[in-house]
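I have placed the structure first, in the form of structure tokens, so that the comments after it can refer back to it.
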Amino acid sequence: IPEEYGGTPVDPKTEVRTFAMISEEISRGDCGLSDKLVQIWKTSVLLRNILPKHLKDYWFPRIVADPTFLLSHCLTEPRGASDRWLPYDVPEAMMQTRAVKKGDRWVINGRKQFISNGYDSKLYVVYATTTPGAGMTKGTSNFLVPRGTKGFTIARCNETLGGRYMNNGELVFEDCEVPEDHMLVQDTALTKAGIYFRPGKIIQSSKNLGIGVAAFENTAEYVQNYTQGGRPLIKHQAVAMRLADMATKISAVRALQNEAATAVDENAPDAEALCNMAKMFASEEIFKVCQHAVELHGGNGIMLDFGIEKLFRDASVFLHMDATVDISKFKIVKNMFPQTAGKYAGPEA
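Just add 88 to wherever you are in the sequence shown, counting from 1, and you've got the numbering used here.
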């Protein structure tokens, strides 16, 4: 939130790196809590860039004044999610949620799912098709929808395998009316969303990294203090090699994440590819770190009261959150080779 509205001053040259560090540290305790908090930051980054001044004047002071004020960014639908961020800019891939202008209001109908903070946010940025047949980048608009708006129902809090504290929610819009000034970007909303998505990939990596660090720290303590075969576990070579593998993966994830976060902060030409690399690489490598952690704890690794199985479950969520691994790989290549791989789908294929 901008400083003039009571927000905390942040250096824009290091903002993404700063929040990555904060996110990682919180995630060492619980990645769901980290997701809850950084979702506010990511959405506020978008809002400070696209909100008209009168809405900033109204909402930003309220967000700052209320410690329970959560924000949500609502894209995913039952029919499609990360697959839509491929170059499928064709009518068939457009969102099923629709918004139609009636007089001085917009009427929204549709459904969103897997929305972080969705169950208990107070303000939602909702994407909907406004020009059917135009394609995703030319016919999708976004709207500001406050909690409690008539026709807007929070259907349920999803039960997730990991990251359970994020209160991932499912939302329903049935003739939901918002004032015309609550349309934020008309038709080209997805072309403006990079200021949300790029930092978001870094945050996915940093939350994941926090889980990996927690898994490593807990495992290192365990294998140094648990005796098996007359000696501490760490003195068994097979155990030591796994611990080395865990440490190496964590360091590699951190190095790539730092490079990607710097690129996003500096708006470098390769920022898009790098942030997707960081997100994808972290999701695969930290999952392996947590698998090692479970196995090095032996039978205790799957016991609820040890907490290691929770880290394994939390890590598994990141294979799917904010784009699947395969979709992330497609996006990396698309951004590296836009004139060839960037045209593999839709009418240009």
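We put the beta carbon where it would ideally sit given N, CA and C, even for glycine.
If you're wondering where the values come from, they're calculated on a predicted model, not measured in any experiment.
Which class does residue i belong to by DSSP, given the choice of helix, strand or coil?
i	result
V421	helix
Q316	strand
Y212	strand
E436	The pLDDT assigned to E436 is 38, lower than 50, so where the model puts this residue is not dependable, and the model offers no usable value.
A187	strand
L272	strand
L331	helix
L278	helix
I89	coil
L143	helix
K101	coil
F157	coil
D410	coil
T428	coil
A222	coil
T307	helix
S416	helix
N355	coil
L480	Within the shown structure, residues of the chain are numbered from 89 to 437, placing residue 480 beyond reach of any answer.
L284	Before going on, a small fix: residue 284 reads as Tyr here, not Leu. Three-state result, Y284: helix.
M391	coil
T96	coil
So what does residue i bridge to, in DSSP terms?
i	result
T350	The partner list for T350 (beta bridge, DSSP) is empty, contrary to what the question assumes.
G168	E165
W194	K189, V266
R199	V260
T237	Beta-bridge pairing links T237 to no other residue.
T217	R186, T228
On a Cα-Cα basis, can you pick out the residue from the options that is closest to residue i?
i	options	result
G52	P90, I110, R105, R116	Since the displayed the chain opens at 89 and closes at 437, residue 52 lies outside it and no answer follows.
K417	A361, V377, E383, D208	A361
N355	P90, T102, V98, P97	T102
T156	L211, L139, Y310, G288	L211
M109	I299, Y146, I390	I299
S160	Y93, L232, V188, H270	L232
T307	A351, I283, G389	G389
I338	I322, A302, V311	A302
R199	G239, L158, D192	G239
E397	F304, F202, E180	F304
M271	I138, W129, A411	I138
N296	M368, Y284, Y310, E258	M368
R330	D353, H385, G318	H385
V188	Y310, G227, E180	G227
F107	E265, D353, A169	D353
Y207	N255, A222, I89, V421	N255
Y310	G387, V266, Q274	G387
V104	M391, I283, Y314	I283
M183	F202, G221, I151	G221
F47	G430, K419, Q316, F425	The chain is shown from 89 up to 437; residue 47 falls before or after that span and cannot be answered.
V195	Q312, D145, A411, E265	E265
K130	A281, K144, N346, D275	A281
Tell me which residue opens and which closes the beta strand (DSSP E) that residue i is part of.
i	result
P267	257–267
S404	First-last for S404: 396–405, but that is the alpha helix (DSSP H), not the beta strand (DSSP E).
V133	Taken as a continuous stretch (DSSP letters only), V133 belongs to no beta strand (DSSP E), being part of the alpha helix (DSSP H) at 119–138.
P234	228–234
Determine, using beta carbons only, whether residue i and residue j come nearer to each other than 7 Å.
i	j	result
S204	D123	yes
A277	V260	no
T225	D177	yes
V405	E373	no
P97	E91	yes
S294	S132	no
V377	F400	no
S229	T218	yes
V126	C162	no
Y93	P140	no
A351	A343	no
A328	A348	no
G288	C119	no
A216	R186	yes
C363	I290	yes
Y253	L135	no
D192	E268	yes
K422	A429	yes
For the alpha helix (DSSP H) holding residue i, just list the boundary residues, first then last.
i	result
F240	Segment 240–245 is the beta strand (DSSP E) holding F240; no alpha helix (DSSP H) there.
V178	Looking at the DSSP string, V178 is not in any alpha helix (DSSP H), and its letter there is neither H nor E.
S371	359–384
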